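Participant: Here you go, one structure.
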Amino acid sequence: MKTKNIDFSKFSSINIGETLEVTLLENSNDFSSNYYLIGSCNNILMGTQPPKLIKLSKKYDYIKIVDNTLKIGAATPSGKIASFCKKNNIANFEFVSHLPGTLGGLVYMNAGLKEYEIFNNLLCISTTKGHMQKSDINFGYRFTDIKEPILEATFTLEYGFDEEKVKLFKEMRLNQPSTPSAGSCFKNPKGDYAGRLIEAVGLKGVLHGDMSFSQEHANFLVNNGNGTFDDAISLIEEAQKRVYKEFNILLEYEIMILDKRYIN
Ligand SMILES: Cc1cc2nc3c(=O)[nH]c(=O)nc-3n(C[C@H](O)[C@H](O)[C@H](O)COP(=O)(O)OP(=O)(O)OC[C@H]3O[C@@H](n4cnc5c(N)ncnc54)[C@H](O)[C@@H]3O)c2cc1C
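Last residue of the sequence shown: number 492 in the working numbering, and the count goes up by one each step with no gaps.
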């Protein structure tokens with residue numbers, strides 16, 4: 229199988245990680261559970277003891293209109309989906325222009341902005357083990373129970389790209405930092421906000437090495453330059469410890485920690 233060396237200090241959105249060999253998945257049979265599948269690493273904190281990695285090849289980067297549905301390969305970047313929908317006047321995907329990732333990562337995380345989630349218009353997916361209808365999948369806020377690599381997803385096709393929504397999503401992003409991060413660090417606990425809790429326990433802006441919870445949005449763990457995995461982990465654990473002690477709430481990771489000691 230083909231492999232590629234990827235420098236995760238550049239490839240990952242949080243700019244942390246070493247150069248690692250990544251296997252390229254070109255056929256369903258290439259996958260085995262010894263590998264951890266990555267997308268474009270916008271929600272991943274790469275550790276110093278990472279598992280074996282695999283990534284979909286370019287073969288899965290495509291968008292097709294078939295029988296009044298939209299079929300999108302799981303390696304397709306969100307920016308490409310947004311541009312395609314704008315160009316072809318397709319509705320419901322305006323929000324993905326502000327969600328960095330590949331289609332596979334977006335579906336696996338049920339990524340979204342407020343009530344706009346990728347599952348809203350999903351019909352079915354194809355995985356290395358066959359097809360799954362939406363009704364076969366348990367999903368919720370930033371959660372699905374999909375166990376196999378997603379190769380393609382099919383969506384309802386509706387026309388009417390809405391520029392007003394693009395503006396609205398852009399405004400929603402204004403409180404997010406532009407400093408390298410992996411998106412939200414923790415899931416919002418029911419009825420509360422992880423960012424509020426982190427701020428309440430005095431961790432907003434506190435530096436561990438070059439890592440901190442952002443001044444702009446305390447649930448974003450940001451790399452201010454030369455942040456390391458160890459700095460990131462020590463802040464994550466400190467936040468969990470303090471929030472549990474003060475509020476009796478266990479903050480659950482939203483980011484994926486790819487290290488044999490912490491894998492989630
Ligand atoms: C600045 C910033 C802002 C963000 N804002 C938001 C936001 O508002 N809302 C939101 O929901 N997310 C947000 N995110 C997080 C990120 O956009 C999403 O989680 C996105 O889905 C990650 O896609 P990816 O391809 O980079 O996946 P990765 O980060 O590479 O992987 C994430 C998870 O998806 C799994 N995965 C990836 N590809 C596949 C596949 N083909 N099949 C099965 N599993 C797969 C991986 O195994 C991993 O568990 C933000 C991130 C950043 C950096």
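We treat Cβ as the ideally placed atom computed from N, Cα and C, and that holds for glycine.
Values in this document were obtained by computation on a predicted structure and should not be read as measured data.
Relative to the C-alpha of K415, which residue among I464, Y387 and T382 is closest?
Facilitator: Ranking I464, Y387 and T382 by Cα distance to K415 puts I464 first.
Participant: So what's G333 in DSSP terms, helix, strand or just coil?
Facilitator: Helix, per DSSP.
Participant: How is I461 classed by DSSP in three states: helix, strand or coil?
Facilitator: Looking at I461 - three-state DSSP - the assignment turns out to be helix.
Participant: Which runs of the alpha helix (DSSP H) fall wholly inside the region 415–462 and span at least 4 residues, in chain order?
Facilitator: Correct list: 422–428.
Participant: Quick one: any contact between the region 468–475 and the region 425–434, if contact means 3 or more CB pairs under 8 angstroms?
Facilitator: Short answer: they touch.
Participant: Using 10 angstroms around the beta-carbon of P328, count the other beta-carbons present and answer buried if the total reaches 16, otherwise exposed.
Facilitator: Looking at its Cβ environment, which holds 16 or more other Cβ atoms inside 10 Å, P328 is buried.
Participant: Using CA atoms only, rank isn't needed, just tell me which of I300, D295, P278 and I282 is closest to Y288.
Facilitator: Minimum Cα distance to Y288 is reached at I300.
Participant: Would you report the Cα separation of T247 and I234, rounded to the nearest angstrom?
Facilitator: Their backbone Cα atoms lie some 5 angstroms apart in a straight line.
Participant: Please work out which residues of its chain come closer than 8 angstroms, Cβ to Cβ, to N338, disregarding the five sequence neighbours upstream and downstream, and give them in chain order.
Facilitator: E345, I346, F347, F367, G368, Y369, R370, F371 and T372.
Participant: Kindly identify the DSSP beta-bridge partner or partners of F383.
Facilitator: Answer is L298 and L350, bridged to F383.
Participant: Is D364 helix, strand or coil by DSSP?
Facilitator: D364 falls in the helix class under three-state DSSP.
Participant: Verify the contact flag: F312, CB atom, against every heavy atom of ligand 1, threshold strictly below 8 angstroms.
Facilitator: Answer for F312: no, Cβ out of range of ligand 1.
Participant: With contact counted as at least three CB pairs below 8 angstroms, one residue from each stretch, are the region 354–366 and the region 403–422 in contact?
Facilitator: Cβ pair count under 8 angstroms is below three, so no.
Participant: Looking at I378 and ligand 1, is the gap between the Cβ and the nearest heavy atom below 8 angstroms?
Facilitator: Within the cutoff, so yes.
Participant: Please report the distance separating the alpha-carbon of L331 from that of S268.
Facilitator: Whole-angstrom Cα-Cα distance: 10 angstroms.
Participant: Tell me which residue opens and which closes the alpha helix (DSSP H) that A310 is part of.
Facilitator: First-last of the alpha helix (DSSP H) with A310: S306 to K315.
Participant: Could you tell me the alpha carbon to alpha carbon distance between E480 and I378, rounded to whole angstroms?
Facilitator: Their Cα atoms are separated by approximately 24 angstroms.
Participant: Checking the sheet assignment: what are the DSSP bridge partners for S240?
Facilitator: Answer is none; S240 lacks a bridge partner.
Participant: How about P328: is its Cβ closer than 8 angstroms to a heavy atom in ligand 1?
Facilitator: At least one heavy atom of ligand 1 is nearer than 8 angstroms to the Cβ of P328, so yes.
Participant: By DSSP, does D258 sit in helix, in strand, or in coil?
Facilitator: Helix.
Participant: Going by the DSSP bridge assignment, what does H359 pair with across the sheet?
Facilitator: H359 pairs with S354.
Participant: Where does E466 sit, in a helix, a strand or coil, going by DSSP?
Facilitator: If DSSP states are grouped into helix, strand and coil, E466 belongs with the helices.
Participant: Output yes or no for whether 9 angstroms exceeds the beta carbon distance between L284 and A303.
Facilitator: Yes.
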